[in-house]
Amino acid sequence: MIELADVHVRLGQRDVLRGITVSLPERRVGVIGANGSGKSTFARLINGLARPSSGDVTVLGLDTRRHAARIRRRVGFLFTDPDAQIVMPTVAEDVAFSLRRKGLSREEVEHRVQEVLARYGLREHADHPAHHLSGGQKQLLALCSVMVLEPDILVMDEPTTLLDLRHSRQVADLLRGLPQQVVVVSHDLALLEDFDRVLVLDQGRIVADAEPEAAIGHYRKIMS
Ligand SMILES: Nc1ncnc2c1ncn2[C@@H]1O[C@H](COP(=O)(O)OP(=O)(O)OP(=O)(O)O)[C@@H](O)[C@H]1O
Ligand SMILES: [Mg+2]
12 MIELADVHVR LGQRDVLRGI TVSLPERRVG VIGANGSGKS TFARLINGLA
62 RPSSGDVTVL GLDTRRHAAR IRRRVGFLFT DPDAQIVMPT VAEDVAFSLR
112 RKGLSREEVE HRVQEVLARY GLREHADHPA HHLSGGQKQL LALCSVMVLE
162 PDILVMDEPT TLLDLRHSRQ VADLLRGLPQ QVVVVSHDLA LLEDFDRVLV
212 LDQGRIVADA EPEAAIGHYR KIMS
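Under this note's numbering, the first residue of the sequence shown is numbered 12, with each subsequent residue one higher.
And the structure:
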């Protein structure tokens with residue numbers, strides 16, 4: 012469960028989010044809106060990467076201001092650009108790097124890495140250089156490195172922006188199958204078509220909050 016209570020975020024001279032109050036129990040929540048409307052800031056609030064200037068953000072019952080470290084362990088975050096998230100030379104090493112602080116044996120790390128790579132279709136690439144992967148495969152690798160930590164919530168900021176239609180569909184299918192709660196910021200409206208709920212942000216406020224068809228309709232209207 013994700014709850015925001017009268018949240019304001021001020022960055023420099025700008026009110027980036029203004030008076031956001033929302034509870035999100037749904038499994039798949041989309042966030043859309045114009046460039047600069049505050050979507051990424053909203054996403055970053057959920058895992059404590061951004062802090063409210065006032066108001067409260069509560070995730071899994073924890074206040075993100077006081078428990079940022081605990082929240083970051085339970086809320087996985089995927090950036091638009093997987094290169095920003097890939098840190099180790101090979102695919103398997105990159106996933107293993109996520110587990111470095113878990114106190115697991117080498118065998119257990121190896122087992123979990125192989126399991127997650129197989130789940131997302133990257134097993135044959137385990138020993139390949141990560142920078143040789145295609146854009147879509149890199150996105151899957153970034154996802155593996157997050158999912159191996161078994162987060163309770165997954166937040167994605169424009170996960171399909173760099174992907175072709177086939178890889179976008181792959182991500183959409185994948186999201187459908189995830190057991191976790193997912194919050195997805197996207198300009199890819201098709202990705203959100205079967206979500207449970209879609210929020211529309213405009214100039215730092217929620218201006219629509221509905222099922223996808225109605226929310227996307229509202230977004231189209233304000234953008235035209
Ligand atoms: N660190 C910062 N300092 C000052 N202003 C910032 C900072 N980070 C973001 N902003 C401003 O906050 C506003 C919202 O930014 P945000 O990245 O949340 O928008 P967005 O909806 O994700 O946009 P996009 O669709 O382009 O990704 C923008 O006007 C941006 O310039
Ligand atoms: Mg953004």
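Beta carbons: idealized from backbone N, C-alpha and C, even for Gly.
Scan the region 122-189 and note each continuous alpha helix (DSSP H) run of 4 residues or more that stays entirely inside, going in chain order. 146-158, 176-188
Taking the alpha-carbon of residue 198 as reference, which of 136, 178, 169, 188 has the nearest alpha-carbon? 169
Under the assumption that residue 103 contacts residue 138 (Cβ atoms under 8 angstroms), give the Cβ distance between them as a whole number of angstroms. 6 angstroms
Would you say the beta carbon of residue 113 comes nearer than 8 angstroms to a heavy atom of ligand 2? The answer is no for residue 113.
Examine ligand 1 and report whether any of its heavy atoms sits within less than 8 angstroms of the Cβ of residue 220. no
Would you call the CB atoms of residue 167 and residue 54 closer than 9 angstroms? yes
Taking the straight line between their C-alpha atoms, what separation do you get for residue 126 and residue 90? 23 angstroms
On the DSSP bridge list, what partners appear for residue 198? None, per the DSSP bridge assignment.
What does the alpha-carbon distance come out to for the pair residue 201 and residue 219? 18 angstroms
Tell me, which residues are paired with residue 220 by DSSP? In DSSP, residue 220 forms a bridge with 210.
Based on DSSP bridge pairs, tell me the residues matched to residue 65. 19
Short of 6 angstroms in beta carbon distance, which residues of its chain neighbour residue 79, apart from the five on each side in sequence? Order them along the chain. 59
Once the 5 residues before and after residue 56 are set aside, which same chain residues still bring their CB inside 8 angstroms of it? Around residue 56, the same chain offers 15, 18, 20, 28, 62, 63, 68, 75 as residues with beta carbons nearer than 8 angstroms, after the five sequence neighbours per side are excluded.
Between which residues of its own chain and residue 165 is the CB-CB distance below 6 angstroms, once the five residues before and five after are set aside? 87, 191, 193
By Cβ distance below 6 angstroms, which residues in the same chain neighbour residue 120 in space, the five residues on each side in sequence not counted? Hits under 6 angstroms: 107, 110.
Given a cut-off of 9 angstroms on the beta-carbon distance, is the pair residue 49 and residue 214 in contact? yes
So the candidates are 26, 227, 82, 157; which of them puts its Cα closest to the Cα of residue 124? It is 157.
Determine the burial state of residue 208: buried for a count of at least 16 other Cβ atoms within 10 Å of its Cβ, exposed for fewer. buried
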